[in-house]
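Whatever position you read off the sequence shown (first residue = 1), add 8 for the numbering used here.
Structure record follows, encoded as structure tokens.
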Amino acid sequence: HEFNSADIPKMIEALSYAIDIGYRHVDTAHVYRVEPEVWQHFHREGDVEVGLRGSLRRLNLDYVDMVLMHWPFSVSINLNLGQKELVDYCQANQVIVTAYSPLGTMIPNRAVVDSPEPKLNNPTMVAIAKKHGKTYQRGLVMIPKTVTNARVLENASIFDFHLDAEDVATIAKFDVGYRTLVPLHYQDMENYPFDVLPGKSEPVPLALRKWKNGAKNDIE
């Protein structure tokens, strides 16, 4: 998912605005190819410091408050896969959960053959969104993407509403235990956490194998 270089000036402007209005969680990783403008690697114990220093150089920073490893600790949570048991456990133990791909499959042509229909224009979801002028509420962190200042502000304006019990129950019905994102390119590895699907292995995406933006030089 390489970032469109034509959007970089817009991204810089939007990021500066986001920080000005209070954003403090910035989602970035080597695989996104935008660290020099705004680490999905080097997580072995002996490599962490080297990898982090490389990321700091690309971010042009001396310090970050926290480093969250994207993989293998990402939690796929969306309308089709609520992960209630896991979320309840984390919240009971004061662990903040960041939902990966919180809207699941949004675009029909990206949907897997057996996947549930995209929910972006689902009449039930649209009605609830219009009712509140918002989208979702579970006490989870979501990472919005935009290069427009108006949407940056809109995404930050989430602390003034609550879904009622009826809305929450309606949304919960979409949870059918369907996992939208399955990393098949990792299923041959020793500690792959999901059921192995014979004949479904995929090559590791080029974006995870390719060095860019001087990243290799930063680390070596």
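Backbone N, C-alpha and C fix where the C-beta goes; we use that ideal spot for every residue, glycine too.
As the structure is a prediction and not an experimental result, all values here were calculated from the model.
Check: Are the C-beta atoms of V103 and some chain B residue less than 8 Å apart?
Finding: Note that chain B does not occur in the displayed structure, where there is just one protein chain.
Check: For F167, which option in V155, V184 and G141 has the closest C-alpha, if you only look at C-alpha atoms?
Finding: With distances taken between Cα atoms, F167 lies closest to G141.
Next item on the list: Give every residue of the same chain whose Cβ lies closer than 7 Å to the Cβ of V184, excluding the five residues on either side of it in the sequence, and list them in chain order.
Entry: These residues qualify, in order along the chain: N88 and P124.
Next item on the list: Look up V39 in the DSSP assignment and say whether it is helix, strand or coil.
Entry: Low confidence applies to V39: its pLDDT is 49, below 50, so where it sits in the model is not reliable enough to give any reading.
Next item on the list: Using the Cα positions of A164 and P191, report the straight-line distance between them to the nearest angstrom.
Entry: The alpha-carbon of A164 is positioned some 30 Å away from that of P191.
Notebook entry, point to check: In whole angstroms, what separates the C-alpha of R159 from that of L94?
Noted result: In this structure, the alpha-carbon of R159 lies about 30 Å from that of L94.
Check: DSSP on A119, reduced to helix/strand/coil?
Finding: A caution first: A119 carries a pLDDT of 49, below 50, which makes its placement in the model too unreliable to give a value.
Check: Are the CB atoms of L64 and D55 nearer to each other than 8 Å?
Finding: No, the Cβ-Cβ distance between L64 and D55 is not below 8 Å.
Notebook entry, point to check: In whole angstroms, what is the alpha-carbon distance linking A22 and L161?
Noted result: Roughly 10 Å separates the two Cα atoms.
Note to self: Between which residues of its own chain and M19 is the CB-CB distance below 6 Å, once the five residues before and five after are set aside?
What the structure shows: Once the five neighbours on either side are set aside, the close Cβ partners of M19 are V155.
Notebook entry, point to check: With a CB to CB cut of under 6 Å and the five nearest residues on each side skipped, what residues in its chain are close to K127?
Noted result: Scanning its chain for C-beta atoms nearer than 6 Å, with the 5 sequence neighbours on each side dropped, one finds around K127 the residues L87 and M133, in chain order.
Checklist line | Option nearest I29 by Cα separation, candidates N157, Q195, D203 and F202 | finding: Of the candidates N157, Q195, D203 and F202, the residue whose Cα lies closest to the Cα of I29 is N157.
Check: Going by the beta-carbon positions, is the gap between I3 and I85 smaller than 8 Å?
Finding: Since the displayed the chain opens at 9 and closes at 228, residue 3 lies outside it and no answer follows.
Note to self: With a threshold of 8 Å on Cβ separation, who are the neighbours of P211 within its own chain once the five nearest residues in sequence on each side are excluded?
What the structure shows: Result list for P211: H193, in chain order.
Note to self: According to DSSP, is T154 part of a helix, a strand, or is it coil?
What the structure shows: In the structure shown, T154 falls within a coil segment according to DSSP collapsed to helix, strand and coil.
Item checked: Distance, G207 Cα to R32 Cα -> Computed Cα separation, rounded: 43 Å.
Check: Do L60 and V83 have their C-beta atoms closer together than 8 Å?
Finding: Taking C-beta atoms as the reference points, L60 and V83 fail to come closer than 8 Å.
Next item on the list: State the Cα-Cα distance for the pair V58 and P201, rounded to the nearest angstrom.
Entry: If I take the Cα positions, the gap works out to 27 Å.
Margin query: In whole angstroms, give me the CA-to-CA distance for Q91 and I27.
Written below: Cα to Cα, the separation comes out at about 31 Å.
Note to self: Taking 7 Å as the cut-off, is the beta-carbon of M19 closer than that to any non-hydrogen atom of the ligand NAP?
What the structure shows: You won't find the ligand NAP in this model; it holds no ligand whatsoever.
Notebook entry, point to check: Which residue's Cα is closest to the Cα of V34: V72, V103 and K181?
Noted result: Among V72, V103 and K181, the Cα nearest to that of V34 belongs to V72.
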